[in-house]
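Chains as they are written, first to last, in the numbering used here: chain A, 1 to 354; chain B, 1001 to 1354.
Protein chains: 2
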Amino acid sequence: MSTEINNIEIQKATTSKISNVDFDNLSFGKVFSDHMLLGVYKEGKWQAPKVVPYEPITLDPSAKIFHYGQSIFEGLKAYKDANGDTFLFRPLDNWKRLNISAKRLSIPELPEEHFIEGLKALLQVDDEWIPKKDGSSLYIRPFIFASGNGFHASPADEYTFIIATAPSGAYFSGQLKVLIEQTYSRSANGGVGFAKAGGNYAGQFYPTQLAVEKGYQQVIWTDDTTHEYIEEAGAMNIFIRINDTLITGPTSDRILDGITRKSILEIAKSENIPFEVRKISVTEVVEASKNGSLKEMFGAGTAAVISPISAFGYKDTDYDLPKIANSYGERLKKRITDIQTNKSDDSFGWRYKI
Amino acid sequence: MSTEINNIEIQKATTSKISNVDFDNLSFGKVFSDHMLLGVYKEGKWQAPKVVPYEPITLDPSAKIFHYGQSIFEGLKAYKDANGDTFLFRPLDNWKRLNISAKRLSIPELPEEHFIEGLKALLQVDDEWIPKKDGSSLYIRPFIFASGNGFHASPADEYTFIIATAPSGAYFSGQLKVLIEQTYSRSANGGVGFAKAGGNYAGQFYPTQLAVEKGYQQVIWTDDTTHEYIEEAGAMNIFIRINDTLITGPTSDRILDGITRKSILEIAKSENIPFEVRKISVTEVVEASKNGSLKEMFGAGTAAVISPISAFGYKDTDYDLPKIANSYGERLKKRITDIQTNKSDDSFGWRYKI
């Protein structure tokens, strides 16, 4: 039996899995809510998406997703406030970036209402799945992949758009020790590094695994030509504080235009935290560590919000970050999560009530 | 009911689709044989592969292939000679390269016997699907993708290995007009360009589409730092003949170590065709075109074998290749296909009889 919410057709699951879930001990992205949003592109257009039970996908072995990596994704979160109201954080920016990624990967762009109205309907159907506990949230994963068939190396003629959700706890626990990469690279000039393309992530696994074997948790990516300029931290943007100035690299065709990154910059501006958006060289960071002006480093992204870095490795030497009072990272993390969870005013207009 | 060939379990399809196939008018990679080889990596090891009916694959929406592009593939062909015997071309090199790709993408390496014995069993079961007509062959697509689940950006714990086959005609028809790319790039230094990783192909679609809109069929990739050195032609390696010398770029972490490419170099050596493996600059090629010393350009790869290039575009100017007698491309193509199809001696030991 199907119903409708805001013109989105709803096919409800016959049973719920929610009683199996321990909401007090959630890991990240391992249990999935009862429903998902499902849309299909065929015959030259995106068909209306539906909320359907979360269930397996069936594909021909020649589906292009298996062969040519034509896939993109987004990540955002839904939060409950004390009243039980549900909020998203800048979801239109996710939709816009999804389409920026789509264009670069030759995937047809998705209409705004398929994303926003579909997501709203999905969250209403799976309202009970949104965690209420501090530090937990409903991680939301919109993604599009090539479901059309054939071995010819060219764009598919059919695509599948899904939003799946997973009640989740923290992405990382504790502080990160990172390795400044001097051999491998994440992206090329003129490549797809600015897109949330699946292939960008698979390419990071092996270098990250090598770093883990050396005792680090993540890699700091550098430019592929000289390995002298700092680009991203694992799958996050990176911020570096030298004395009282917060610095992050400019976005480019190699660097993801992170929503947490740009929110941090707007908060810094409003709170008169000195900040610079400019290229940061490894030499500068090492020098700053040696002369004591390096105060903080942290990664910033939706999944992990703000992840403090405790030390970085560079050419066989480890450099510890100092323990400081008045950390920008802690302050910015509190400010962002208070806005996200409706604990503070939102002068930026970022919160989006469902 | 299941049987066995060389210790590979065979589950035969109950009906065959072969009567629907017009073997006189085959396109590339659009119809698929009755069976496929299917292997699964789980619990820390590759399970024995089986020949099963070619049928849809079912995956959880959180399977990492959809999100993180963790996939690799290979391409080779099976040929029938006049006696009806079946031959492959250097298949062990495909297995070795599959594992080189696997390592870079953090995918567990596949045992040789899973690939070779599995492929042999598959080809015996689908023997009738191998085209007999000149210029046609059975295109063979081995691939591995992340079938383990979860939204965490890290390698999967389960993988699926499949060999699917498609009776196929020519990949390209006629000569190619190509555009020397000056904006977009295929791969980074320290990236995954040398691997047959799915994501490398998706990133090429949009620049190729832009080139097609300008009247070209393929892009000639250049290095991402200067766009001055020639790297690959679409999804092929590239060869350039200046006067009587055949030139191709060295393999690197950005360039695929093509099996057709290295076979051409070995044939050139044995036939005393002067050749050089060195960096080729765009300036050199443009100058050679202007002074008449540029004789030929062609792409080389398994799917298309050798694809002659009729013209290249560079910075809004088109440069035509001359029509010449004694083309190296034609001569090398005949030599390779004669070896592949058992029409000539194989002093290199490349042919592999099933």
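Each residue gets a CB set at the ideal place from its N, CA and C atoms; glycine is no exception.
Exposure of residue i, with buried meaning 16 or more beta-carbon neighbours within 10 Å
i	result
residue 1290 of chain B	exposed
residue 246 of chain A	buried
residue 1132 of chain B	exposed
residue 1143 of chain B	buried
residue 283 of chain A	exposed
residue 20 of chain A	exposed
residue 325 of chain A	exposed
residue 1323 of chain B	exposed
residue 173 of chain A	exposed
residue 4 of chain A	exposed
residue 224 of chain A	buried
residue 1209 of chain B	exposed
residue 91 of chain A	buried
residue 1241 of chain B	buried
residue 348 of chain A	exposed
residue 1182 of chain B	exposed
residue 1333 of chain B	buried
residue 1094 of chain B	buried
residue 1082 of chain B	exposed
residue 49 of chain A	buried
residue 47 of chain A	exposed
Integer-rounded CB distance, given that residue j should sit under 8 Å from residue i
i	j	result
residue 1171 of chain B	residue 1298 of chain B	That belief does not hold up - the Cβ atoms of residue 1171 of chain B and residue 1298 of chain B are roughly 13 Å apart, past 8 Å.
residue 243 of chain A	residue 258 of chain A	Contact doesn't hold; Cβ gap of about 24 Å is too wide.
residue 140 of chain A	residue 313 of chain A	Rounded, the Cβ-Cβ distance is 34 Å, inconsistent with contact.
residue 76 of chain A	residue 88 of chain A	6 Å
residue 302 of chain A	residue 260 of chain A	6 Å
residue 98 of chain A	residue 113 of chain A	At roughly 14 Å, the Cβ-Cβ gap does not stay under 8 Å, so residue 98 of chain A and residue 113 of chain A are not in contact.
residue 1216 of chain B	residue 1177 of chain B	5 Å
residue 137 of chain A	residue 79 of chain A	5 Å
residue 1233 of chain B	residue 1201 of chain B	In fact, because the Cβ distance is near 14 Å, the residues do not count as touching under 8 Å.
residue 335 of chain A	residue 267 of chain A	5 Å
residue 1107 of chain B	residue 1072 of chain B	6 Å
residue 213 of chain A	residue 221 of chain A	That pair is no contact at about 18 Å.
residue 1065 of chain B	residue 66 of chain A	7 Å
residue 1264 of chain B	residue 1300 of chain B	6 Å
Spatial neighbours of residue i in its chain, beta-carbon cut-off 6 Å, leaving aside the 5 residues before and after
i	result
residue 1033 of chain B	1126, 1129, 1165
residue 175 of chain A	308, 310
residue 320 of chain A	311
residue 1026 of chain B	1136, 1167, 1168, 1169
residue 1354 of chain B	1086, 1120, 1123
residue 157 of chain A	148
Other residues of its chain near residue i: CB distance less than 7 Å, five sequence neighbours each side excluded
i	result
residue 1035 of chain B	1013, 1051, 1052, 1053, 1054, 1122, 1125, 1126
residue 203 of chain A	186
residue 1318 of chain B	1311
residue 1276 of chain B	1245, 1247
residue 1002 of chain B	1009, 1010, 1011
residue 1329 of chain B	1296, 1298, 1306, 1308
residue 153 of chain A	68
residue 1017 of chain B	1034
residue 293 of chain A	242, 243
Sequence-distant residues of its chain with Cβ nearer than 8 Å to residue i (five each side left out)
i	result
residue 1023 of chain B	1131, 1132, 1133, 1136, 1167
residue 1351 of chain B	1087, 1088, 1089, 1339, 1340, 1342
Original post:
Counting pairs of beta carbons, one from the region 1186-1193 of chain B and one from the region 1249-1262 of chain B, are three or more of them closer than 8 Å?
Top reply: Judged by pairs of C-beta atoms under 8 Å, the region 1186-1193 of chain B touches the region 1249-1262 of chain B, as three or more such pairs exist.
### Message
Using 8 Å as the cut-off, can you tell me whether the region 56-71 of chain A makes contact with the region 1053-1060 of chain B, which would need three or more C-beta pairs spanning the two stretches below that distance?
### Response
Enough Cβ pairs lie closer than 8 Å, so yes.
### Query
Along the chain, which unbroken stretches of the beta strand (DSSP E) at least 3 residues long are found entirely within the region 257-301 of chain A?
Those beta strand (DSSP E) runs which fall completely within the region 257-301 of chain A and span 3+ residues are 275-277, 294-301.
Checklist entry - Contact between the region 1035-1050 of chain B and the region 1148-1165 of chain B: three or more CB pairs below 8 Å? => result The region 1148-1165 of chain B and the region 1035-1050 of chain B touch, with three or more beta-carbon pairs separated by less than 8 Å.
Enumerated in chain order, which unbroken segments of the alpha helix (DSSP H) with a length of 4 residues or greater are wholly contained in the region 1186-1214 of chain B?
Counting only runs that start and end inside the region 1186-1214 of chain B, the alpha helix (DSSP H) elements of at least 4 residues fall at 1198-1213.
Give the list of continuous beta strand (DSSP E) stretches no shorter than 3 residues that lie fully inside the region 108-190 of chain A.
List check, beta strand (DSSP E) in window: 137-146, 159-168, 176-180.
Within the region 1297-1329 of chain B, ranges of the beta strand (DSSP E) (whole runs, at least 3 residues): Here the runs fully enclosed are 1305-1314, 1317-1320.
> Which whole runs of the beta strand (DSSP E) in the region 4-44 of chain A are 3 residues long or more, in chain order?
Replying inline: Segments of the beta strand (DSSP E) lying fully in the region 4-44 of chain A: 8-11, 35-42.
*How do the region 1339-1346 of chain B and the region 1080-1087 of chain B stand: do at least 3 beta-carbon pairs fall below 8 Å, yes or no?*
Taking a cut-off of 8 Å on C-beta distances, the region 1339-1346 of chain B touches the region 1080-1087 of chain B, as three or more cross pairs fall below it.
Item to complete: Write down every uninterrupted run of the beta strand (DSSP E) in the region 1072-1111 of chain B whose length is 3 residues or greater and which is fully enclosed by it, in chain order.
Response: List check, beta strand (DSSP E) in window: 1076-1080, 1086-1089.
- Please list the segments of the alpha helix (DSSP H) lying wholly inside the region 219-259 of chain A, counting only runs of 4 or more residues, in order along the chain. Correct list: empty.
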